[in-house]
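K.L.:
In the UniProt record's numbering, the protein residues as written are 1 to 427. Where is the CB? At the ideal position from N, CA and C, for every residue including glycine.
(1) Closest by CA to residue 50, which one among 280, 32, 40?
(2) Within the chosen definition, does the region 191-203 reach the region 163-170 through at least 3 CB pairs nearer than 8 angstroms?
(3) Taking the alpha carbon of residue 230 as the reference point, which residue from 334, 175, 73 has its own alpha carbon closest?
(4) Applying the 10 Å Cβ sphere with the 16-neighbour rule, what's the burial state of residue 99?
(5) Can you tell me the Cα-Cα spacing of residue 187 and residue 311, whole angstroms?
(6) Which residues in the same chain have their Cβ closer than 7 angstroms to the Cβ of residue 327, if we skip the five residues on either side of it in sequence?
(7) Pop quiz: residue 216 and residue 113 are said to be a contact at Cβ under 8 angstroms. What is the actual Cβ separation, rounded to whole angstroms?
(8) Could you check what DSSP says for residue 282 in three-state terms: helix, strand or coil?
(9) Would you identify the three-state DSSP class for residue 193, choosing helix, strand or coil?
(10) Tell me, to the nearest whole angstrom, how far the beta carbon of residue 208 is from that of residue 302; I am working on the premise that it is less than 8 angstroms.
(11) Taking C-alpha atoms, which residue in 116, 14, 111, 117 lies nearest to residue 126?
(12) Could you tell me whether the region 199-207 touches the region 269-288, where touching means 3 or more Cβ pairs closer than 8 angstroms?
(13) With which residues is residue 56 paired in a DSSP beta bridge?
(14) Take residue 86 and list the residues in its own chain whose beta-carbon comes closer than 6 angstroms to its own, dropping the five residues that flank it on each side.
(15) Could you tell me which of 46, 345, 63, 128 sits nearest to residue 101, measuring between CA atoms?
(16) From residue 61 to residue 189, what does the alpha carbon distance come to, in whole angstroms?
(17) Just to check my reading of the structure: residue 36 and residue 77 have Cβ atoms closer than 8 angstroms, yes? What is that Cβ distance to the nearest angstrom?
(18) Mind checking who residue 34 pairs with in its DSSP beta bridge?
(19) Give the DSSP-derived three-state secondary structure of residue 289 in the structure shown.
(20) What are the boundary residues of the beta strand (DSSP E) that includes residue 165?
(21) Here's the rule: buried if 16 or more other CB atoms are within 10 angstroms of the residue's CB, otherwise exposed. What is residue 280?
(22) Could you work out which residue in 74, 12, 45, 237 is closest to residue 264 when comparing CA atoms only?
(23) Specify, as a first and last residue, the run of the beta strand (DSSP E) that residue 111 falls within.
(24) Tell me, which residues are paired with residue 19 by DSSP?
(25) Where does residue 78 sit, in a helix, a strand or coil, going by DSSP?
(26) Once DSSP output is grouped into helix, strand and coil, what is the label at residue 303?
(27) So the candidates are 138, 305, 227; which of them puts its Cα closest to the Cα of residue 282?
(28) Which whole-angstrom value is the C-beta distance of residue 346 and residue 266, which I expect to be below 8 angstroms?
(29) Count the other CB atoms, across all protein chains shown, that sit within 10 Å of the CB of residue 354; report buried if there are 16 or more and exposed otherwise.
(30) Out of curiosity, what's the CA-to-CA distance linking residue 162 and residue 154?
(31) Could you compute how far the alpha carbon of residue 64 sits from the alpha carbon of residue 25?
(32) Do the CB positions of residue 66 and residue 74 come within less than 8 angstroms of each other?
(33) Give the range of the beta strand (DSSP E) segment to which residue 138 is assigned.
(34) Please identify the residue among 121, 137, 241, 122 whose C-alpha is closest to the C-alpha of residue 115.
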């Protein structure tokens with residue numbers, strides 16, 4: 001049979017057996033399900049419901065009157081012959097002829113060159129292999145897969161494996177249904193088309209995912225800035241250590257203890273601040289890993305999940321996404337300007353101390369920098385007062401001795417009734 005004749009046969013079968021006699025729509029498993037009337041004529045369920053009036057229905061093909069109540073329409077048997085034929089022709093349609101990449105003729109292509117990434121016919125295969133002997137050739141038609149997965153079909157007895165295209169919104173149910181389920185067990189329940197429901201939920205799910213992705217980007221930027229801050233902090237600490245040591249080299253031996261104290265305090269501040277920033281960085285790194293993993297799972301759920309599995313997992317995954325979204329990880333302080341200033345104060349204070357030494361004479365009392373006198377301010381103040389008091393007593397004593405030294409002694413002569421000055425010989 002030629003290819004054109006085969007195509008004509010498919011069109012005849014489609015028009016003769018696969019189209020509803022009233023609406024001329026192709027039978028399917030959703031809206032236009034083929035149903036057998038008692039007169040053995042086949043119409044789609046949508047048209048049967050439309051032409052049904054009262055408790056009777058007249059077949060438009062043979063004009064035979066059938067006494068059918070509205071509740072009995074769902075129990076009409078499906079025309080499985082037409083259902084199977086529809087499936088076969090749809091499967092055949094997937095295997096339509098393609099044009100060979102070399103000869104450009106329409107044929108069944110069963111050869112693929114992996115190197116050239118093209119499909120060719122069996123006639124062109126030898127020529128292509130002779131021309132490119134190192135290319136990998138794959139022979140065989142790709143397997144044809146059924147569009148409708150088993151998970152999307154109703155498995156209840158008497159429901160003819162109808163497609164699960166509705167969702168019961170009753171709080172006691174919340175499950176997917178076929179058309180028979182809707183008009184039987186769930187006839188009084190609120191029902192929504194599953195495609196409409198999933199479309200709405202996927203939209204909100206996508207918005208939630210996008211929000212977390214944006215926050216992930218924000219936190220990633222914060223992490224980069226945090227790493228730069230740590231690097232700057234380390235470089236600054238190295239520079240400050242060098243400045244402290246250079247300033248110390250200008251001092252005298254008496255400053256050795258103070259230099260060691262400054263270095264020790266600098267190391268303590270640097271370690272504390274670096275630890276604080278590292279802890280912040282670890283929190284952000286943990287958030288990025290977990291949020292990214294949750295986003296990846298969410299994307300796979302959007303792309304690859306069945307409708308049933310999506311409805312089963314969507315709520316749980318959404319809760320995790322919301323937790324990542326409301327996290328305040330992006331509000332952590334990673335700049336640490338006050339940390340830098342604290343280290344700068346140490347090196348500046350010690351350098352200023354050395355500079356003051358150059359301007360002071362040997363008798364001047366050098367003032368300690370702020371970071372070196374926190375613990376000793378009170379004691380120095382008390383010691384200074386005691387020292388001034390001691391000096392005052394010493395000065396008064398010296399003055400008294402001096403006065404005694406230069407002042408002549410005197411005595412009264414009772415015999416002569418006169419006052420005589422007596423000079424003291426020193427030495």
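P.N.:
Answer, in terms of the structure:
(1) 32
(2) yes
(3) 334
(4) exposed
(5) If you take the alpha carbons of residue 187 and residue 311, they lie about 21 angstroms apart.
(6) 287
(7) About 41 angstroms; that fails the 8 angstroms criterion.
(8) Here residue 282 sits in helix by DSSP.
(9) strand
(10) In fact, because the Cβ distance is near 11 angstroms, the residues do not count as touching under 8 angstroms.
(11) Of 116, 14, 111, 117, the residue nearest in Cα terms is 111.
(12) no
(13) 53, 67
(14) 18, 27
(15) 128
(16) 36 angstroms
(17) 5 angstroms
(18) 44
(19) helix
(20) Residue 165 -> no beta strand (DSSP E), and no H or E assigned at all.
(21) buried
(22) Taking only the C-alpha atoms, the option nearest residue 264 is 237.
(23) 111-113
(24) 26
(25) strand
(26) helix
(27) 227
(28) 5 angstroms
(29) buried
(30) 5 angstroms
(31) 23 angstroms
(32) no
(33) 137-139
(34) 137
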